[in-house]
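J.: Here it is, the structure, as structure tokens.
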Ligand SMILES: NC(=O)c1ccc[n+]([C@@H]2O[C@H](COP(=O)([O-])OP(=O)(O)OC[C@H]3O[C@@H](n4cnc5c(N)ncnc54)[C@H](OP(=O)(O)O)[C@@H]3O)[C@@H](O)[C@H]2O)c1
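Residue numbers (full-length UniProt numbering): 1 to 257.
Written out as structure tokens, the structure reads:
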């Protein structure tokens, strides 16, 4: 049995990773801020799949939270074989409407936590000669889309860079780039979703199945859906100015501040 640690395990894409990995027989370390929800999730996954599910309450926007998760990843007596850096959120509003403190919190959770947790996990993995890291980015990494898109572009570049640095070590790293997925993300960020066409929505369980199959094939970048794969091909040839006009608006309709 191997162990996977998932940040942001209690909802959306993280919960889909937890369901799938538990069904495949992996023990889990579940990380989020809401302890009650984590405990309920751990009990349900243990009862349904007979796996061990450990609860680790941590706010990845804080030093203490990042330290606590890094310490667990660094535990050589109880190693983590697969790290899913998934916790993330959207801020409500365009640039200058979002308080600077919230922009900085986004960089802490999306970039600094991902950097430090990846580092804490891969050292032991490299020594053991095996392991995997999935860093959840977004297709927003490839288009102009405020601080959110910029933070996810960092995740893609960082992950693919480290994947190259560790090539041949037995450790695989992959950036996962979902399109729009039905989760709690948009409601939490106060985003309206009625301007997002139905065909653009992805199912979290299918997304995770595609991601894990890409990881098994050794890909360092995963865009598991053919519609988004095709769109990201087009994005490469569309002028940035025109692209930004579309992508900075789509799915960024906010309720009252
Ligand atoms: N949904 C989409 O359309 C979409 C598209 C592309 C990429 N993504 C990316 O996918 C990832 C997961 O998003 P989702 O859609 O599944 O969101 P979600 O349904 O809102 O779930 C977010 C999860 O992250 C946890 N979390 C949030 N802030 C945290 C913090 N500071 N510390 C620790 N845990 C935290 C939440 O639990 P607690 O509140 O209890 O902490 C929850 O478990 C994110 O990185 C997001 O950027 C989403």
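Backbone N, C-alpha and C define an ideal beta-carbon position, used for all residues, glycine too.
Considering just the uninterrupted stretch of the alpha helix (DSSP H) at residue 125, what are its terminal residues?
T.: Taken as a continuous stretch (DSSP letters only), the alpha helix (DSSP H) holding residue 125 covers 113-128.
J.: Per the DSSP calculation, residue 221 is bridged to which residue(s)?
T.: Paired residue(s): 175.
J.: From the DSSP output, in three-state form, read off residue 105 for me.
T.: Reduced to three states, the DSSP call for residue 105 is helix.
J.: Which one of 180, 14, 81 has the shortest CA to CA distance from residue 194?
T.: Checking every option, the nearest Cα to that of residue 194 belongs to 180.
J.: Any heavy atom of ligand 1 inside 8 Å of the beta-carbon of residue 186?
T.: Indeed, a heavy atom of ligand 1 lies less than 8 Å from the Cβ.
J.: I'd like to know if the stretch 82-102 and the stretch 128-136 are in contact, where contact means that at least 3 CB-CB pairs between them fall below 8 Å.
T.: Touching, yes, given that three or more Cβ pairs across the two stretches are closer than 8 Å.
J.: If residue 19 and residue 212 are in contact, beta carbons under 8 Å, what's the gap, nearest whole angstrom?
T.: No, residue 19 and residue 212 are not in contact; Cβ-Cβ is about 12 Å, not under 8 Å.
J.: Under the rule that 16 or more other beta-carbon atoms within 10 Å means buried, what is residue 9, buried or exposed?
T.: Buried, by the Cβ-count rule.
J.: Identify the residues that DSSP records as bridge partners of residue 132: which are they?
T.: Bridge partners of residue 132: 82, 172.
J.: Which residues share a DSSP beta bridge with residue 192?
T.: Answer is 253, bridged to residue 192.
J.: Give me, in chain order, the residues of the same chain whose beta-carbon lies closer than 7 Å to that of residue 187; leave out the 5 immediate sequence neighbours on both sides.
T.: Once the five neighbours on either side are set aside, residue 187 has no close Cβ partner at all.
J.: With distance defined between alpha-carbon atoms, name the residue in 11, 2, 69 nearest to residue 112.
T.: The shortest Cα separation from residue 112 among 11, 2, 69 belongs to 69.
J.: Exposed or buried, residue 119, counting other C-beta atoms within 10 Å across all chains shown (16 or more means buried)?
T.: Exposed, because fewer than 16 other Cβ atoms sit within 10 Å of the Cβ of residue 119.
J.: At a cut-off of 8 Å, is residue 147 close to ligand 1 when judged by its beta-carbon and the heavy atoms of the ligand?
T.: No, ligand 1 has no heavy atom inside 8 Å of this Cβ.
J.: Let me check you understand the geometry: is the CB of residue 110 closer than 8 Å to at least one non-hydrogen atom of ligand 3?
T.: For the structure depicted, ligand 3 is absent and the ligand set comprises only ligand 1.
J.: Could you pull the start and end residues of the beta strand (DSSP E) that residue 30 belongs to?
T.: 27-32 is the extent of the beta strand (DSSP E) around residue 30.
J.: Just mark residue 157 as buried or exposed, buried being the case when its beta carbon has 16 or more other beta carbons within 10 Å.
T.: When all chains shown are included, residue 157 counts as exposed.
J.: By alpha-carbon positions, which one of 145, 61, 115 ends up nearest to residue 93?
T.: If we check each option's Cα against that of residue 93, 145 comes out closest.
J.: Taking 8 Å as the cut-off, does the CB of residue 91 come closer than this to any heavy atom belonging to ligand 1?
T.: Residue 91 Cβ: outside cutoff for every heavy atom of ligand 1.
J.: Rounded to the nearest angstrom, how far is the Cβ of residue 232 from that of residue 139, given a contact under 8 Å?
T.: The pair is a contact, with the Cβ atoms about 6 Å apart (cut-off 8 Å).
J.: Would you check if the distance between the CB atom of residue 62 and the CB atom of residue 53 is smaller than 9 Å?
T.: No, the Cβ-Cβ distance between residue 62 and residue 53 is not below 9 Å.
J.: Taking 8 Å as the cut-off, is the C-beta of residue 9 nearer than that to any heavy atom in ligand 1?
T.: Yes, since a heavy atom of ligand 1 falls inside the 8 Å radius drawn around the Cβ of residue 9.
J.: Which residue spans inside the stretch 39-76 form an unbroken alpha helix (DSSP H) run of at least 4?
T.: Fully enclosed alpha helix (DSSP H) runs of 4 or longer: 63-73.
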